[in-house]
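Beneath this line is the structure, given in structure tokens, with notes to follow.
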Amino acid sequence: MKFLFAILPKFLLLVPANEPEVKILVDRDHIKTSFEEWARPGHFSRTIAKGPETTTWIWNLHADAHDFESHTSDLEEISQKVFSAHFGQLSIIFLWLSGMYFHGARFSNYEAWLSDPTHIGPSAQVVWPIVGQEILNGDVGGGFRGIQITSGFFQIWRASRVTSELQLYCTAIGALIFAALMLFAGWFHYHKVAPKLAWFQDVDCYFGTNIFGS
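Mapped onto mature numbering (1 follows the signal peptide of the UniProt record, and there is no 0), the consecutive letters of the sequence shown carry residue numbers -17 to -1, 1 to 197.
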């Protein structure tokens, strides 16, 4: 009996422990990148892919482009498309922000407004004199003529500690870079490394794993 108690711990060390099951949570090289398909409007629908016959075609194209449930009934593929589309949406948002900051740096009187915000009104743009529209421009103070705005963008920028046009330009460039990164991420997570349905259904994956290495 003593012999059994002596060798039992050594025997247990030889028994391999149950290794955790490795889950493959991504599809690699999921969908081939095809520029020919991208250049064919409505490739996701047989009806729309035939081409325009009436003006209704363009509205159907816009309506169905992101109606992924009309493309397929496969829940995993729908989830992958929605996930990828979110990055595309973020890219558009960053592009919009980039344009807003560039517009403020190039065409506004932000620095003049900072120097005397009580006597100089905020103006984000100047209407160009094409066919008389320059009549919309008004004297906002500080020798600047433009359209006075009340959107609060200048106050938001000042609260963000933006104190020069250079900072606005840098922010615009940064947002443009992030727009490109989000666009790449959308392509990458659909065409190269697409998450499987199990990844979407496992809440722990959102917090404890990295989709690049799962």
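Positions of the beta carbon are idealized from the N, C-alpha and C atoms, including for glycine.
Would you report the Cα separation of E19 and S67, rounded to the nearest angstrom?
20 Å
Helix or strand or just coil, what does DSSP make of S67?
helix
State yes or no: is the C-beta of F127 within less than 8 Å of the C-beta of Y93?
no
So, at 7 Å on beta carbons, what are the nonlocal neighbours of W40 in its own chain, with the 5 sequence-adjacent residues on each side left out?
I31
Can you find the residues in the same chain that come closer than 6 Å, C-beta to C-beta, to K64, ignoring five residues on each side of it along the sequence?
F51
Where does the unbroken beta strand (DSSP E) through S106 begin, and where does it stop?
106 to 108
Considering only C-alpha positions, which residue in the set E36, K175, G125, P24 is nearest to W96?
G125
Please confirm whether G169 and S74 have their CB atoms less than 8 Å apart.
yes
In the DSSP output, which residue or residues are listed as bridge partners for P178?
V9
Determine the closest residue to A163 out of K33, H49, S28, G71, with distance taken between C-alpha atoms.
G71
Enclosing beta strand (DSSP E) for residue 202 [first to last residue]
Because the chain is modelled from -17 through 197, residue 202 falls outside the range shown and cannot be assessed.
Exposure of L119, with buried meaning 16 or more beta-carbon neighbours within 10 Å
exposed
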